[in-house]
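Numbering follows our numbering, in which position 125 of the sequence shown is assigned residue number 126; successive positions increment by one, without gaps. Here a beta-carbon is modelled for each residue, glycine too, at the ideal position from N, C-alpha and C. Step one of this worksheet: look at the structure below.
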Amino acid sequence: MEALNIELKNLQEMHLAAVQSIGVQNIENAYQKLISWASSKGLFPSEQVKMITVYHDSFKTTPHDKVRIHAGMLVNQSIEKENMVFAETLPSGKYIVGSYILSHEDFGQAWGALFQWMNNNGYQYKNTPPFEIYHNNYMEHPEKKSIVDFYIPVI
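Listed below in structure tokens is the structure:
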């Protein structure tokens, strides 16, 4: 499994509508809540919508059932907190971006390889959350694969 492309990008601040999940076992439920909320607001479905998973803990130091993950959706308008949906801002800055087509079983290995690439190329991790932006619904892919970009914030 190899990245299709790895590059360094300067990103503008991004605004999300998000739902928190504690543990990987709850992320699908968090996305269902987010999609339900977005549908009620007329924001989903839309070709322009990008889903984003934001990782607030490391899988290396936090048990998988305790890791804090945010199921997010890029929005171009400010949102008010409503039930479990809240506004989240991803900071502007420099990011290593790895582009992949992966099955879910390969995500951990891809993240590890991208962090290794970061270390091998002299970049330092910036203490802000890494995230994934999805470019498809993996359930609609013939091989159930995600077309996804991984983002690592760097100094």
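Complete runs of the beta strand (DSSP E) confined to the segment 46 to 93 [at least 3 residues]
52 to 56, 69 to 75, 87 to 91
Quick one, are the C-beta atoms of Ile70 and Val55 less than 8 Å apart?
yes
If Tyr101 and Phe132 are in contact, beta carbons under 8 Å, what's the gap, nearest whole angstrom?
With a Cβ gap of about 14 Å, Tyr101 and Phe132 do not count as contacting.
Taking all protein chains shown into account, decide if Leu91 is buried (16 or more other Cβ within 10 angstroms of its Cβ) or exposed.
buried
Leu9 - containing beta strand (DSSP E), residue span:
6 to 12
Give the single residue among Gln21, Lys51, Val68, Met119 whose Cα lies nearest to the Cα of Gly99.
Met119
Indicate whether the contact test is met: 3 or more Cβ pairs, each with one atom in the segment 33 to 52 and one in the segment 104 to 111, closer than 8 Å.
Contact fails: fewer than three Cβ-Cβ distances are below 8 Å.
Kindly indicate which three-state DSSP category Leu17 falls into: helix, strand or coil?
The answer is strand: DSSP assigns Leu17 an E or B state.
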